[in-house]
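Asker: My questions will all concern the structure given below.
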Amino acid sequence: MCLITFQWQPNSEQKLVISANRDEFLNRPALELHQWEDADGVFAGKDLTHGGTWLGVQKTAQKSPRFAFLTNHRDMSPAARKKTPSNPISRGKLVLNFLTSDISASDYLKQLEVTSQQYDGYNIVVAEGDNLGYFSNRSDAPAKLLEPGLYGLSNALLDTPWPKLTQAKSSLNQWLHSDEYEHENERPQLAGLLASTSVAADEQLPVTGIGIEMERILSSQKIITPNYGTRCSTGVIWNRCIRGNKDEVVNKTELGVAGKAEDQIEISEVSWNADGSERSRCQYVIQSS
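Take the sequence shown: its position 100, counting from 1, is numbered 1216 in our numbering, and each next residue is one higher.
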């Protein structure tokens, strides 16, 4: 992923709400969002070059949902290049490894601190239960669990105020207070929320070592070029539910309501053609069996 904004409210009806864009070279093969046959309960797109993914959810009857998503950290300065390993491990495996494990979010991020120099620059967010944590191997700060709030990630550290990220967080905040959010049949629109093709003014552009022309191109939320661009957009809503019996799921959490707390995940994706037009759309609602 290259642009993600998310709200984390573990004690609310919707624990986690995500809107994200994945930017990639158009000739890099990948599968769209689907249920993986070789990883139990995993729903994600798949990079066919290295077999990993950029965003995914794992849900089985045996355990509560697990989420993870990742962005590359963009810094082409000479100092940053010195940190690049000679034979880096694919970063997409970081997401998949968490989804298919039983380790806590906090412990997994501690493991990543130890292996951080084996990868090119990245940011990763992982979540399980009521814990959501963040780590970047290009930050001097340790991994941390995040407090409830509205956050954003692009190709810099968490909440770095690049124009498109500031705009993305504002767009998600507005959507969360809109009629679309209140009506379930409108929730798939979350996947296409970050659709602006406007570029930032030159004085607002970051300096990441790729030159002013590329900084302009990459400053839009939705990127459209002949060789590189926004390949797909994803929306996720993690609902906290109460199960009264095996046939009834109520999308509310209320004190005093009998039943076992369960979770339901709504995940939708729009895939884009090279010219920015819509190619396909899919949606999954994942809940306990």
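All residues carry an ideal CB built from backbone N, CA and C; glycine is no exception.
If we call anything under 8 Å between Cβ atoms a contact, is S1384 one with G1351?
Answerer: Their beta carbons are under 8 Å apart, which means S1384 touches G1351 by this criterion.
Asker: Check each candidate in L1273, E1263 and Y1267 and name the one with the smallest Cα separation from N1253.
Answerer: L1273
Asker: Residue ranges of each beta strand (DSSP E) run of no fewer than 3 residues wholly in the segment 1136-1198, ordered along the chain?
Answerer: 1146-1151, 1158-1163, 1171-1176 and 1179-1188
Asker: Is the beta carbon of S1396 closer than 8 Å to that of E1148?
Answerer: Yes. Within cutoff.
Asker: Between the C-alpha atoms of P1264 and R1356, what's the straight-line distance to the nearest angstrom?
Answerer: 15 Å
Asker: Quick check: what's the CA-CA separation for G1308 versus S1286?
Answerer: Using only the alpha carbons, I get a separation of about 15 Å.
Asker: Suppose you measure from the CA of S1135 to the CA of L1119; what does that come to, to the nearest Å?
Answerer: 8 Å
Asker: Pick helix, strand or coil for S1286, following the three-state DSSP scheme.
Answerer: helix
Asker: Using the three-state DSSP reduction, which class does A1317 fall into: helix, strand or coil?
Answerer: coil
Asker: Out of curiosity, what's the CA-to-CA distance linking G1345 and S1180?
Answerer: 34 Å
Asker: Is H1189 buried or exposed, if buried means 16 or more other CB atoms sit within 10 Å of its CB?
Answerer: H1189 is buried by the Cβ-count criterion.
Asker: Can you name the start and end residues of the beta strand (DSSP E) that T1121 belongs to?
Answerer: DSSP places T1121 inside the beta strand (DSSP E), whose first and last residues are L1119 to W1124.
Asker: Give a yes or no on whether the C-beta atoms belonging to E1140 and R1347 are separated by under 8 Å.
Answerer: yes
Asker: Using the rule of at least 16 other Cβ atoms within 10 Å of the residue's Cβ for burial, across every protein chain shown, is M1117 buried or exposed?
Answerer: buried
Asker: With contact counted as at least three CB pairs below 8 Å, one residue from each stretch, are the segment 1160-1170 and the segment 1204-1221 in contact?
Answerer: Counting Cβ pairs under 8 Å, three or more are found: they touch.
Asker: Have a look at L1215 and Q1227 and give me their C-alpha separation to the nearest angstrom.
Answerer: 15 Å
Asker: What separation, rounded to the nearest whole angstrom, lies between the Cα atoms of A1374 and E1129?
Answerer: Caution is warranted here: a pLDDT of 45 is assigned to A1374, below 50, making its placement in the model unreliable, and the coordinate value is therefore given only provisionally. The alpha-carbon separation between A1374 and E1129 amounts to approximately 16 Å.
Asker: Exposed or buried, which one is V1323 when buried takes at least 16 other CB atoms within 10 Å?
Answerer: When all chains shown are included, V1323 counts as exposed.
Asker: Using the beta-carbon count (16 or more within 10 Å), is R1182 buried or exposed?
Answerer: buried
Asker: Does the Cβ of K1260 have 16 or more other Cβ atoms within 10 Å, making it buried, or fewer, making it exposed?
Answerer: exposed
Asker: Give the secondary structure of Y1235 by DSSP, where H, G and I count as helix, E and B as strand, and everything else as coil.
Answerer: coil
Asker: Just how far apart, CA to CA, sit L1122 and L1132?
Answerer: Per the sequence shown, residue 1122 should be read as Phe rather than Leu. For F1122 and L1132, the distance between alpha carbons rounds to 7 Å.
Asker: Under a three-way DSSP split, which group does I1333 fall into?
Answerer: helix
Asker: Which of the three DSSP states is assigned to L1210 in this structure?
Answerer: helix
Asker: Can you find the residues in the same chain that come closer than 7 Å, C-beta to C-beta, to T1176, ignoring five residues on each side of it along the sequence?
Answerer: D1156 and G1157
Asker: Whose C-beta lies closer than 7 Å to the C-beta of S1255 among residues of the same chain, with five residues either side of it excluded?
Answerer: L1273
Asker: Assign G1351 to one of three DSSP states: helix, strand, or coil.
Answerer: strand
Asker: Within the same chain, show all residues whose beta-carbon is closer than 7 Å to that of S1222, passing over the 5 residues directly before and after it, in chain order.
Answerer: N1247, G1249 and L1261
Asker: Might you give, ordered along the chain, the residues of its own chain that have their beta carbon closer than 8 Å to the beta carbon of Y1400, omitting 5 neighbours on each side?
Answerer: L1149, Q1151, F1159, I1381, E1382, I1383 and S1384
Asker: Can you have a look at G1168 and say buried or exposed, based on whether 16 or more other CB atoms are within 10 angstroms of its CB?
Answerer: By the neighbour-count definition (other C-beta atoms within 10 Å, threshold 16), G1168 is a buried residue.
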